[in-house]
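Numbering (the numbering used here), first residue to last: 207 to 569.
The structure under discussion appears below in the form of structure tokens.
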Ligand code: NAD
Ligand code: UD1
């Protein structure tokens, strides 16, 4: 299949592009590089021996998206002029025109704290950008979308494990609301026009890296999420992990989450590509097992042989006690389930961090 991947240079995008190429799909990558490096896709090319045509463009730029999707003349990026197929941004590979069968849509802003400070930027980028992309897809006759949603839409769950039929809750921040809004827009679109096929994938907590250690998560600034923070402590970039609360109603008092290896998550997208009916469907992508912060730290210490200093800090606003998936639907309908355990997630996170102590750096 020929697939357009937005946000392709990012953490989950780059791992998914690699899996798509290895499965024999053709990929065109779009990213504005606001939270990623061009280097990730160069490494995917090196790992797979295949080229990844790259268009540096913003999904909010509807005409650029339309140009990419149709291969018609148009603007493909801030510096690009003329034919998309000849865009100077597609260094190393020509961008083949048209004939896309699906769009896998990762592009978006994802920093929860930042979203509370800059709600308009989040709604504009995530919701506005998705609408522009959908308009361009409609115009190009490409009506198949796989969307990166999040378990955050469940809010504080009424029960765990969480099935897709659980009520969506009240996310505690604009980022979470942007995901809920996009889900609703996609549901409405699919209801209005049966030609659309939409997969809403609700990710739990993606962690780890490709086992080669060549691509991985490269957060800018101080990491918000647990595993990147632990990794940076292990590699000497941070002193100690702050454990955000040890008084939750969980076995050891710390928050429990469903960590999922990013390679398993990436493969979930390939499984979703193989499913076409009904025209809008939600799937949880998680393992179905929850681990506490202390359990995650212990697994990382085992994988790395490094002691991780921890100190207990106050709860983080908006955090919940426990969150893990019921992944049965994805197993039954997509034939997909997570294969990597927590030890493998931590081993691969450490392998990436050790090989790339400064992430992709200034490449
Ligand atoms: P990421 O920041 O590494 O990747 C997102 C990519 O989108 C980046 O490369 C960024 O440069 C690009 N981008 C952002 N806005 C853009 C725009 N307007 N036009 C073009 N490109 C743009 O994040 P990730 O962890 O890979 O997440 C991918 C998707 O999955 C996001 O939509 C995120 O909200 C969602 N998600 C992530 C997690 C997680 O824990 N990582 C959990 C649930 C859902
Ligand atoms: C966070 C986001 C959520 C997003 C998800 C996936 C918040 C409030 N929620 O969820 O919207 O969908 O990431 O990327 O940011 N922890 C520490 N110390 C740290 C970091 C985390 O103790 O330095 C704890 C947290 O309190 C939590 C667990 O580790 O119990 C996991 O945290 P994190 O990796 O940030 O993921 P989520 O909180 O699940």
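Cβ atoms here follow ideal geometry from the backbone N, Cα and C, with glycine treated the same way.
Would you say residue 357 touches the ligand UD1, meaning its beta carbon is less than 7 Å from a heavy atom?
-> One-based indexing of the chain shown puts residue 357 at position 151. Under cutoff, so the answer is yes.
Could you check if residue 272 is buried or exposed, using at least 16 other CB atoms within 10 Å of its CB as the buried criterion?
-> For the purposes of this step, residue 272 is taken as residue 66 along the chain shown, with counting starting at 1. Buried, by the Cβ-count rule.
Residue environment, residue 428, which counts as buried when at least 16 other CB atoms sit within 10 Å = The residue you call residue 428 lines up with position 222 of the chain shown. Answer is exposed; the Cβ neighbour count stays below 16.
Please go through the region 479-512 and give each complete alpha helix (DSSP H) segment of 4 or more residues, from N-terminal end onward.
-> Here the runs fully enclosed are 499-510.
Is the region 227-244 in contact with the region 487-502, if contact means three or more CB pairs nearer than 8 Å?
-> no
Looking only at its own chain, which residues have a Cβ that is under 8 Å from the Cβ of residue 409, when we skip the five neighbours before and after it?
-> Looking up residue 409 in the chain shown gives position 203. Contacts found: 218, 354, 355, 356, 357, 466, 471, 491 and 492.
Residue range of the alpha helix (DSSP H) that residue 237 falls in?
-> The count along the chain shown starts at 1 and reaches residue 237 at position 31. From DSSP, residue 237 is part of no alpha helix (DSSP H) but of the beta strand (DSSP E) over 232-237.
Give a yes or no on whether the C-beta atoms belonging to residue 486 and residue 393 are separated by under 8 Å.
-> To locate residue 486, count along the chain shown from 1; it is residue 280. To locate residue 393, count along the chain shown from 1; it is residue 187. Contact flag set, yes.
Please name the residue, chosen from 208, 246, 212 and 388, that lies closest to residue 421 on a Cα-to-Cα basis.
-> Taking the chain shown and counting its residues from 1, one reaches residue 421 at position 215. With distances taken between Cα atoms, residue 421 lies closest to 246.
Below 8 Å between beta carbons: does that hold for residue 363 and residue 531?
-> Taking the first residue of the chain shown as position 1, residue 363 is located at position 157. Taking the first residue of the chain shown as position 1, residue 531 is located at position 325. Cβ atoms of residue 363 and residue 531: not closer than 8 Å.
What residues match up with residue 412 in a beta bridge as DSSP calls it?
-> Within the chain shown, numbered from 1, the residue matching residue 412 stands at position 206. Answer by DSSP bridge pairing, in chain order: 466.
Where does residue 218 sit, in a helix, a strand or coil, going by DSSP?
-> Within the chain shown, numbered from 1, the residue matching residue 218 stands at position 12. When secondary structure is reduced to three states using DSSP, residue 218 falls in the helix class.
Contiguous beta strand (DSSP E) assignments of at least 3 residues, all confined to the region 338-372 = 350-356
Kindly indicate which residue of 547, 478, 263 and 337 has the alpha-carbon position closest to the one of residue 539.
-> The count along the chain shown starts at 1 and reaches residue 539 at position 333. Nearest C-alpha to residue 539: 478.
Tell me which same chain residues have a C-beta within less than 6 Å of the C-beta of residue 349, skipping the five on either side of it?
-> Here residue 349 is taken as the residue at index 143 of the chain shown, counted from 1. Answer for residue 349: 401 and 402, listed in chain order.
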